[in-house]
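S.K.: Pasting a structure here, questions to come.
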Amino acid sequence: MRFASCIIVLFVSTLAFGQVHNLLDRRKAIAVHQTSDAATMLQKIEKGIERGSVSEFSPFFSSQVYLSFLGQEGYYSSNQTTSVLQNYFQTMKPLSFSFSSYQDKGNNPYATGRLTYALKGTRESAQVYVSLARQESKWVITQFNIY
Amino acid sequence: MKLHTYGIGRPVVWGFFVCLLSMGAVRIISQVVSENARSSWAKDESYSDLKIQATVIQAFQEKYGELFRIIEHVKSDSALFAELRRSDEQGTVEAFTRLSRHSQRFESTIDIVDPRGTIVAWSGRSITSGYERFLPHNGGDSFVVILQSGLHTYVSAGVLMEKKDFYVIASRPLELQFPISNRFVSRISFSDELTRATGTEVRIALNTTSQIHSHEKTRFVPLRDLDGRTIAYTFFVPFTLNTILQSVEAESGQWTRFLTALAVLFFAVAVWQISRRFPSLLLRVTVLTVLTWLVRLTWRILDFPGELIGGNFFSATVYSSPFYFGLTTSVGELFVSVFALCLNSVAIWYNLRDHKPSGLRDLKSVVAWVVGMVLFFVLFIWGVRGYAEAIRTFVFDSTLEYQDASALVPDVYVSTMYMNILLLTTAVLSILTVALQHVRNVWRGTPFSSLPWWLASTIMYGFSFGLFMLVSSSPHFPLYHPILVFAVGLVLVELLTRNNSAGSGPSFTKTATLFIFLSFVVAMPILDVRIHEKERQQVRTLVDTFLRPVDSWLSFVLTDGLRTVRDQFQASLFDPQEDRSNSMAFSLWARTLMSHEGFNSGVIVYAQDGKELSRFSVGMTTFEQKELLNKLFDGEEETVQVIERVESGAKEKSYGLWSSLRDENNRLLGSVALMLSASQRALFRGEAIEAIRPVSLPAFESSFREVAVSEFRRGSLVSTTMNDWYGSMPLSDDVMDRMAKEKTGYVWKTEIVGSREFESLYAAPEGPDGRIMVVSLESHDLRWHLLDVLKVFMIYAALLLCIAVVNWFFAKRKSEVTTIGFRGKLVSAFGILGIIPLFLLGYYNRQVASERLQENITRTLSSDLELVEQRILGAVLDEEDFQRGVNNDFCEVIAAEIGVDFAVFRRSELLSSSRPELYQSKILDSRLPGRAFANVVLLEKALYVESETVGEVEYAVGYKPVFFERKFAGVIAVPTLYRQREIEEELAQRNAFVFGVYTLVFGLVLVMSFVVANRLSRPIRELTKAADEVGKGNLDVSLKPTSSDEVGNLTRTFNEMVRELKTSREEQKRTEREMAWKEMAKQVAHEIKNPLTPMRLSVQHLRQVFKEKARNRESILQQVSKILIDQIDALSRIATEFSRFAKMPERKFERVDIQELLGESVLLFRDVRGIEFRTKYSDTPIHLVADKDELRRVFINIFRNGVQAMERGGVITVESSVESNCCVVRISDTGIGIPHETGSRVFEPNFSTKTDGMGLGLAISQRAIQDIGGTITYQSVPQIGTTFEISLPV
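Here it is as structure tokens:
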């Protein structure tokens, strides 16, 4: 009995590298599924950026997102994109944000707006461009640029 | 408090308290520094500015000071100037050659200028066309100047030669920017250097209109030349009290976090050291686990060691996955996490591996145990799913190239990921090994032990697998993963325990080797599958990229570009240094998103009257621009206009936008037009994949293989980059059919094109035009996979080597060095001999690839140059026509026809080019390189190839002179494609071809070496084993010689030696036996003699009494009778004791419950007055195989000794437990103890301190215990008591 307990203690420590991913993916899938309207999605993204809360729109990321920020660019997985943007918003604390131009109709909805943020006590700004695409009957974020 | 009594090491205690004290010190220092800063800020503020100014000025002086040192070096080259002064061609060529050496050595531009400012010899990138304006006019001999050339800024220093005939001018970049394509960005920034040196943001500018945008309070420092004239400015943001305080707080916070992390580690080690004394295994394991994860989580919260190391190692852009608590947000965090996990698992495995639980006796307990194990295995399979998922994230959530075939040794990030995979796999295998070893140990004690343990394990695991599949409808991983892991676990347990059964467990290094090798076997197939899956995902992303409408994105890029141009235009208008005619449009374009994203695009600036002021475009033909501009200016201002053109059968779109430019008072200054092409072209022609990319492409896991993009419309091919496909090729019926059936619109197909296999993804977007995009990825054959295997193998081998060295080092410190066996040495030698050629081949491969490429480049350049020359000579009439007619448009037309970009030089300066934008933007130098000038213009060599660089990219340029009627007219220059990339491609191919096969050979060599080593070493191992047997006293060993060589002779000699030893030993035994009998006879005689004396005296006394007829003869008779009876009893006891010692009865081995036997023995003494027995038995019964009666006699003997040692009464404590696979019985009394002087003899026969004993009891006991493989020891403290400890193997 004691031995079995030891093994269980051991197991708890190693439990499920990646089990969580499935749960997260499922949660994401549900969230994306629930939000089928591009306009609504863009609104959620807008609010998420304004609050610097990436988790509010990270479920909408495509499996591969074209990300461009701080001179870096490339394709990143949805998980990486989430982390990268979280780190970005931790450093650049958003002060205000709203999309100034929308295109929420057609095959390629996008929105762009000016992000004002605080960096080391200084007020700075950057242009944000977000583009959506339809994948398997759902809208997903395929491009996220911050200039 | 004595901490060592709790098991805490002194270094740990010191470490912990030093950390605490240091934290306190850091806090105090930060308070003091902050307070000082506050109190003296009024005074220090100006000092702070002065300090920054001094730093800036000093840095600038160092910059040009270095240039003067270079100049002095060049000046000392008298041969250079002697050649230059010869004024003949040969001398000039020699001067150029020498100058080039100096330039390359010092990585700077060196110009030799005559006193009028004309450049007469040069080497390196051109800074200016002439130095007339910059030479000192006040009779000075030296000068310093800052020059701007496009986006680049240089500092130049010049010194006049003693003969006053030449100036030597050296230049180096202060600010370098290459904006086209990210691959060309290689910034050198003096501003950044100053920012790092001063700790505040610093920017350099040639005028005072620039300043740091976000800060209004910028201050500037003038940079002055040698005469004190201002030649540039540096702007900086001054420090404020707040920034100082924040910086102190940040610094102290960083130190505090670092020290806290260390303190937590020391604390955890201390608690772990205490916990090692806990009797409960469960408690020890729990403490270890909790401590491991306490440290890990604390470090994560404190951002340690991420904050300390930083860089890409801890950046999410390389790898990140969303595990709990951010434990896997980067490669570095992942490494620390899996290291903790592996440490935890392996430590627990190490603790539990020798644990042997008692067997299960009845069916009920067996069933309960089996159910428990099945549940555990279900849990374990769940864990394997997590493990497979983790490896998936290692591939999918990273931007790493696991399969870069051009490099034999993976980069540090990929290597770390391989380590992470190894650590994780080791953790999984440790858990499985613990469970399987448990099954192995328990199964033998069950009623079903006739079934092999591994079969029982397999049945239970199989059942668990079935149960898991029922519970989890979607397993999320290939089903062979848990089977593979389990099979490897069985092998591991067998290999580990097989050694154990031989009496000694495998060494640490051998265990590590087993774990690493089997982890490699488990992880590699899983990793390979995941990489392939990701490649497919990337192909899908690529297809989606092509199919996705890009209008909105391109419109955004264009409108954002206009915004940037407006912002920048205001500033540039007032920049007197700006060369508007040429580089204003480029300067504007370079700052736009169009440039940043690498689009084919352009900017044109017009004056108020509509006259074109400046134009810069990249990748757009003149015709395309004209067509777009016509439509653009027909449309409204700030409205994106689109034109569609058909090129190569496919539609291509171009986008344009124009806007007026006004000043602050809304006065019209001019206008600007922006152009953008949806297609994208690389710097030079010929790059297939980038030629049609709309945005950046995903990097493929395995580069250096063909990725072809094709487009079908209405069933026939309209465009493709696949070499073996042709225009109008019909779409295969198979794809058409599957497309019709598939609702997703995506179809995968494996197809053979030419002789190569491709995996193609056909994708059909919704729409009526019947468009199908195809992305085909060349499949890798087995050689490429083997190359990957080899690389991972080498990394793991390197790790193993490190482990072996560390283990050897520690073993040496403890004087416990275990050498590698003969077989191990042979295998290692074969392995090392197999690896050495690998590195030689690697080096050779690189050399050959480089040389082959050099030859190819020279050949290609030669034929390209001839082709260009033929076209030019065919179109141009004479030299005059050449100088006038060979303009940019002319070059562009020819380049488009023959597919080769080129430039034409008139002596040293650029005449025209098919890619003029590259020269306008200063990406390429518009001055002919010095050595090319010398060789082609002066020596008129037919071909000269020179290696040049743009940023970090190296490429080759071929130069050829053009003649009209044998008269030199100019030089044609043809640049190659990216040379480095080609070398890497060539290397990748060669690596796969050579090392892929080599891996097979190497694997065979290893297997063969093992077989050969096994055969060669078998006689030696048998000899060693036999020698061990002889050492243990078994002289019946005999080996059969298997060969007639030296080893066979050795075997025969060994056999002879053993036979002689046996004879000698028997002789010795006989002698000893005789001696023993003699000794025994003497002893028996002596012992018998002792009672005989009183008997004789008593009988004599009795006879005397009866002879004298004494009155008390009756009572004397009684007394004598008693004495005689006592002495006869004593004789009887003596006889019995000797009988026991001399001839022990036949042993009868049986399964003995040791605690039951102890209980029975204690009962015999329960009536002894004044003696109290206390028992502390183990919770579970302890069984062992022994002679029950013999053991009982041992216990009784010790109890009796204890009773006799406690004449006034006392306590005898009996304890039993299982420790390290042994049953340990401790019997303690509170008697008078054994004196030190006699302590060493208690187990000797005939030794006794008692008057009534023979001194044989403990000797017999020791012999009985030793005969069943046990030990008996004692500890005694006089007047306190004695403890006997009996240890018996279970």
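For the record, the sequence lines run as chains D and Y.
According to the numbering used here, the stretch in the first sequence is residues 177 to 323, in order.
According to the numbering used here, the stretch in the second sequence is residues 3 to 1292, in order.
We put the beta carbon where it would ideally sit given N, CA and C, even for glycine.
(1) Any beta carbon of chain Y sitting closer than 8 Å to that of Q248 of chain D?
(2) Got a sec: does the ligand SAH put a non-hydrogen atom nearer than 7 Å to the Cβ of S916 of chain Y?
(3) Alpha carbon to alpha carbon, how far is I1236 of chain Y from S1278 of chain Y? Give it in angstroms, no decimals.
(4) Would you mind telling me which residues of chain Y sit closer than 9 Å to V260 of chain D, beta carbon to beta carbon, in chain order?
(5) I'd like to check one pair, A710 of chain Y with L1 of chain Y: are the Cβ atoms closer than 8 Å?
(6) Would L678 of chain Y count as contacting chain D if we go by Cβ distances under 8 Å?
(7) Between which two residues does the alpha helix (DSSP H) holding S102 of chain Y run?
(8) Of all the beta strand (DSSP E) runs that stay within the bounds of the stretch 840-911 of chain Y, which reach a length of 3 or more residues?
(9) In or out: M471 of chain Y buried (at least 16 other Cβ within 10 Å) or exposed?
(10) Taking the C-alpha atoms as reference points, what is the distance between V777 of chain Y and E987 of chain Y?
(11) Rounded to whole angstroms, what's the CA-CA distance from R664 of chain Y to D611 of chain Y? Just pull it up for me.
(12) Which same chain residues end up closer than 7 Å to A270 of chain Y when comparing Cβ atoms and leaving out the 5 residues on each side of it in sequence?
(13) Relative to the alpha-carbon of T1182 of chain Y, which residue among Y:V1220, Y:S1163, Y:L426 has its alpha-carbon at the smallest distance?
(14) D1189 of chain Y versus chain D: which residues are under 7 Å apart at the beta carbon?
(15) May I ask you to report which of helix, strand or coil DSSP gives E689 of chain Y?
(16) Inspect the CB distances between the stretch 403-414 of chain Y and the stretch 457-471 of chain Y and report whether three or more fall short of 8 Å.
(17) Please list the residues of the stretch 214-241 of chain D that have a C-beta atom closer than 9 Å to any C-beta atom in chain Y, keeping them in chain order.
(18) So for L1186 of chain Y, helix, strand or coil by DSSP?
(19) Using a cut-off of 8 Å between C-beta atoms, extract the partners of A309 of chain D located in chain Y.
(20) May I ask you to list, following chain order, the residues of the stretch 147-172 of chain Y that have a beta carbon less than 8 Å from some beta carbon of chain D?
(21) So L69 of chain Y and V147 of chain Y are in contact, right, with Cβ under 8 Å, and what is the actual spacing, rounded?
(22) Do the stretch 988-999 of chain Y and the stretch 904-918 of chain Y meet, that is, are 3 or more Cβ pairs less than 8 Å apart?
(23) Of the choices D:Y278, D:P270, D:W315, D:S276, whose alpha-carbon is the least far from that of A294 of chain D?
(24) Determine the extent of the beta strand (DSSP E) in which P224 of chain Y is found, giving its start and end residues.
(25) By DSSP, does W727 of chain Y sit in helix, in strand, or in coil?
(26) Can you check DSSP and say which residues form a bridge with R1176 of chain Y?
(27) Closer than 9 Å, Cβ to Cβ, to anything on chain D: give me those residues from the stretch 381-403 of chain Y, in chain order.
(28) Does the structure place the stretch 227-247 of chain Y close enough to the stretch 255-275 of chain Y that three or more beta carbon pairs sit under 8 Å?
(29) What separation, rounded to the nearest whole angstrom, lies between the Cα atoms of I322 of chain D and S89 of chain Y?
(30) I think D927 of chain Y touches R127 of chain Y, with their Cβ atoms under 8 Å apart; what is that distance to the nearest whole Å?
(31) Taking just the CA atoms, how far does T511 of chain Y sit from A806 of chain Y?
(32) Which of the three DSSP states is assigned to Y133 of chain Y in this structure?
(33) Using three-state DSSP, classify D1155 of chain Y as helix, strand or coil.
(34) According to DSSP, is H534 of chain Y helix, strand or coil?
(35) Helix, strand or coil for R12 of chain Y? Go by DSSP, reduced to three states.
(36) How would you label I1127 of chain Y, buried or exposed, when you count the other beta carbons within 10 angstroms and need 16 or more for buried?
M.R.: Let me spell this out:
(1) yes
(2) Among the components modelled here there is no ligand, and therefore nothing to report on the ligand SAH.
(3) 6 Å
(4) S317, A318, T319, S322
(5) Coverage of chain Y is limited to positions 3 through 1292, which leaves residue 1 of chain Y absent and any answer about it impossible.
(6) no
(7) 91-108
(8) 905-908
(9) exposed
(10) 20 Å
(11) 14 Å
(12) L293, L296, V297
(13) Y:V1220
(14) Chain D residues near D1189 of chain Y: none, gap ~31 Å exceeds 7 Å.
(15) Interpretation of E689 of chain Y is limited by its pLDDT of 35, a score under 50 that renders its predicted location unreliable; the figure taken from the coordinates is listed afterwards. It is coil, neither helix nor strand.
(16) no
(17) S234, S238, S239, Q240
(18) strand
(19) D546, R550
(20) none
(21) With 8 Å as the limit, L69 of chain Y and V147 of chain Y do not qualify as a contact, their Cβ atoms being about 11 Å apart.
(22) no
(23) D:P270
(24) 221-226
(25) coil
(26) Y:T1215
(27) L381, F382, W384, G385, R387, G388, Y389, A390, E391, A392, I393, R394, T395, F398, D399, S400, T401
(28) no
(29) 58 Å
(30) 5 Å
(31) 6 Å
(32) coil
(33) strand
(34) helix
(35) helix
(36) exposed
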